[in-house]
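Let me begin by presenting the structure, written as structure tokens, before commenting on it.
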Amino acid sequence: MFRYKNKIIAFSLMILLILVSLGSVSFSTKVSKISGSFACTTSVAVGTVKTKVVEAVADITVKALTADIIGDIEDNLKSQTVEIYKVRQAEEKAAAEAKALAQKQAAEAKARAEAEAAQSKATSSGANLNGLEAEILRLINKVSADHGLSQLQVVQSLTDIARARCNDMVSKGYFSHYSTDGTTFFNIMRNAGISWANAGENLGNATPAGYGSPSAFINAWMNSASHRDNMLRGHYRLVGVGIVDGGGRRVVTTIFLN
């Protein structure tokens with residue numbers, strides 16, 4: 443806007459200068475006492491020249507102003523185009539992020555549903571534990587509480603598998619996470635139709651059997667990095683406990699599940 447005002451002021455000054463110059467020419471003509479006919483002719487010529495000069499200056503000024511206006515319009519259009527492109531990019535980015543978040547949330551919801559289904563399938567109303575098994579469970583949950591973790595829920599299906607593992611080791615005279623035919627508690631749970639997201643197994647063996655008190659097993663597990671990790675994994679929610687004596691020894695199995 444200031445640019446347009448400056449050009450109009452310049453244009454006005456030019457007109458004023460022209461008029462002053464033409465006035466001086468007319469005055470000089472009269473002073474020279476030239477004939478009236480010649481003066482008249484000169485007056486007409488000067489008026490014509492003045493008109494043409496004014497028109498020429500006006501035309502130049504209009505063209506200049508028009509060029510400036512068109513230039514400003516083009517600059518504004520370019521600026522608006524850039525802004526529109528930026529807005530579109532931002533909208534597309536936001537839409538992509540929202541879609542990715544929705545997909546992530548859907549995947550997490552599906553994983554939670556599958557884990558809950560696995561827990562539901564494995565969970566019963568509780569488990570019938572003998573005295574030693576119940577004490578093992580109590581001490582495990584005490585450790586959990588001491589470390590700010592949730593209490594584990596004992597279930598019969600996992601307890602049955604834990605006892606089966608103990609019986610197999612006692613009857614076949616071995617002590618391992620793998621049975622003599624290579625079977626693990628994972629295979630047994632899968633065959634039983636139990637699903638899981640995370641699972642772990644702690645084993646204990648004492649000879650003679652009397653050495654295998656619940657507190658002795660818990661202390662041994664807490665002093666072993668891998669066994670301790672199983673006991674302190676906060677995502678475990680279910681547990682099965684089995685203890686079997688035989689052949690002068692005592693074997694304990696605990697199964698952790700989520």
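Note that the working numbering has the sequence shown beginning at 443, numbered continuously upward.
Just so you know, even glycine gets a beta-carbon here, dropped at the ideal spot from N, CA and C.
Check	Outcome
DSSP-derived helix/strand/coil call for V694	strand
Pairwise C-alpha distance: R691 and N647	7 Å
N609 to L699 span [Cα, whole Å]	21 Å
N583 vs Q598 beta-carbon contact at 8 Å	no
Closest Cα partner of R670 within the set Q547, Q595, S586, R580	S586
Cβ contact (3+ pairs, closer than 8 Å) linking the region 655-667 and the region 628-640	no
Integer Cβ distance of R675 from Q595, believed to fall under 8 Å	Contact flag wrong, Cβ pair sits at about 15 Å.
The alpha helix (DSSP H) enclosing A662, as first and last residue numbers	656-664
A634 - DSSP class collapsed to helix/strand/coil	coil
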